[in-house]
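Notes follow the structure.
Numbering (the working numbering), first residue to last: 1 to 197.
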């Protein structure tokens, strides 16, 4: 199997983000974004997707968490897209439903090169975590990730606790992405009638 790793940096007037990813890792995560709940979600993403992930980010947290959270999602998406390269032999499609106590999330993914996001559901509380991260940023994270990873993503969530809802979504994304990026030994080309993704 080819080495499916990538390192991507993003620097703006608002944030500085560095992401290193190994798609075929062991679930090792080193994450420091300055947003504790985002760190928790990204660590869960790496653990359950068996991705080796390093994320270092600084941002204008004196304003709010939005810029940091968004730019981390953008950079992570770009890193996934780069690590997958031509996507030769990948399974491409996957779906996972993940419960967390009263919450349940379903994530359906197509690693297609065509970014699109559909999100259904509402978060039960407006903020999560000690930094006061807005729950609605969860929807924005998925959209930013999908756009820059070049994937089609359908996600639904239900529950009574925004922490559980968001964590179930990130675990679902991790498991679905892991499934979709597995190599099917019967394939040598990208899984598309066009011959490329």
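Backbone N, C-alpha and C define an ideal beta-carbon position, used for all residues, glycine too.
Remember, predicted model here, so these are calculated numbers, not experimental data.
With DSSP collapsed to three states, give me the class of residue i.
i: residue 89; result: coil
i: residue 147; result: helix
i: residue 10; result: strand
i: residue 166; result: helix
i: residue 197; result: coil
i: residue 1; result: Its pLDDT being 48, under 50, residue 1 is placed unreliably in this model, and the value from its coordinates should be taken loosely. Looking at residue 1 - three-state DSSP - the assignment turns out to be coil, as it is neither helix nor strand.
i: residue 37; result: helix
i: residue 123; result: coil
i: residue 44; result: helix
i: residue 155; result: strand
i: residue 29; result: strand
i: residue 24; result: coil
i: residue 19; result: strand
i: residue 111; result: coil
Which whole-angstrom value is the C-beta distance of residue i and residue j, which I expect to be below 8 Å?
i: residue 10; j: residue 20; result: Not confirmed; about 13 Å, so no contact.
i: residue 97; j: residue 15; result: Not a contact, Cβ separation roughly 33 Å.
i: residue 124; j: residue 162; result: 5 Å
i: residue 138; j: residue 169; result: 6 Å
i: residue 174; j: residue 45; result: 5 Å
i: residue 25; j: residue 51; result: 5 Å
Taking only the alpha-carbon atoms, compute the straight-line gap between residue i and residue j and give it to the nearest angstrom.
i: residue 129; j: residue 187; result: 43 Å
i: residue 31; j: residue 184; result: 31 Å
i: residue 105; j: residue 172; result: 7 Å
i: residue 177; j: residue 56; result: 22 Å
i: residue 91; j: residue 109; result: 11 Å
i: residue 140; j: residue 196; result: 28 Å
i: residue 142; j: residue 23; result: 18 Å
i: residue 43; j: residue 62; result: 24 Å
i: residue 54; j: residue 5; result: 12 Å
i: residue 73; j: residue 7; result: 14 Å
i: residue 181; j: residue 134; result: 30 Å
i: residue 27; j: residue 107; result: 19 Å
i: residue 41; j: residue 59; result: 18 Å
I'd like to know if residue i contacts chain C, where contact means its C-beta is closer than 9 Å to some C-beta of that chain.
i: residue 181; result: Absent from the structure: chain C. Only one protein chain is present.
Ignoring anything shorter than 3 residues, give me the beta strand (DSSP E) runs that lie fully in the stretch 47 to 106, in order along the chain. Within the stretch 47 to 106, the complete beta strand (DSSP E) runs of at least 3 residues are 52 to 59, 93 to 100.
Flag this pair as touching only if the stretch 30 to 50 and the stretch 187 to 197 have three or more C-beta atom pairs under 8 Å; answer yes or no. no
For the stretch 139 to 155 against the stretch 70 to 80, are there 3 or more C-beta pairs whose distance is under 8 Å? They touch, by the three-pair rule.
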